[in-house]
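Input: a single structure, listed below in structure tokens.
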Amino acid sequence: MSGEELLEIMQRRRSVRSYSGEPVPMEKLNLILQAGMLAPSGRAIRPWELIVVRDKQKLIDLSSSRMGGAARMLAGADLAIAVVGDEEKSDVWIEDCCCVMENMHLMASALGVASCWIQCRERMAMDGETAEEYARTILQYPAECKLEAILSLGMPEQEWPSTPLDALPYGKIHINKY
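Each residue of the sequence shown is one higher than the one before, starting from -3 at the first, in the working numbering.
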């Protein structure tokens, strides 16, 4: 793959919150998971764990994990991948988990799978507890693991236009000084 092809995938990537209902093929899910596991990690510690959720009731329950309905798309998703990190293993577990999320997000886009990053760390659930506390009761991950985010996945209802490169905020690039 060339750099231009990778840039095209990045241009097509969108946060998609509605899905067609068609299942994500297992082959595509496996590639998405492999992309996540290939993410860089500080000192190659890999302090993350991936929890694949295909159970429809768990997806519906997780759709209430954020205030304001920020996770409601999970109810219509085919599946989700929760990324948790062991904060005792690495002081950069947050960054490492974000690299995993981004790799999976980009792979999903490359495969024509719609996805949305649902931030959970330092967010509140609808019932007043943290998204972390709420999701832990559903996903049952150990106390040393902290929830970074959940990636919702499903087949897209529609095709989205690419982001034109001339629309990028080039004014945010600074050379040698701010």
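The C-beta atom is built at its ideal place from N, Cα and C for all residues, glycine as well.
Within the model, the alpha-carbon separation for Ile56 versus Ala71 is close to 4 Å. For Asp82, no alpha helix (DSSP H) run applies; the uninterrupted beta strand (DSSP E) run containing it begins and ends at Leu75 to Asp82, by DSSP.
Counting the other Cβ atoms within 10 Å of the Cβ of Val48 gives fewer than 16, which makes it exposed. Residue pairing for Pro152: DSSP places it in a beta bridge opposite Tyr15. Counting C-beta atoms within 10 angstroms of its own C-beta, Leu75 has 16 or more neighbours from the protein chains shown and is therefore classed as buried. One alpha carbon belongs to Met120, the other to Ile169, and they sit about 33 Å apart. Per the C-alpha coordinates, the member of Gln53, Ser61 and Ser105 positioned closest to Glu118 is Ser61.
The beta carbon of Trp156 sits closer than 8 Å to those of Arg8, Arg10 and Val12, all from its chain and outside the five residues before and after it, given in chain order. Annotated three-state conformation of Cys116 is coil, per DSSP. In the three-state reduction of the DSSP assignment, Leu147 falls in the strand class, which pools E and B. Counted as a single uninterrupted DSSP element, the stretch harbouring Val48 is not any alpha helix (DSSP H) but the beta strand (DSSP E) occupying residues Trp44 to Val49.
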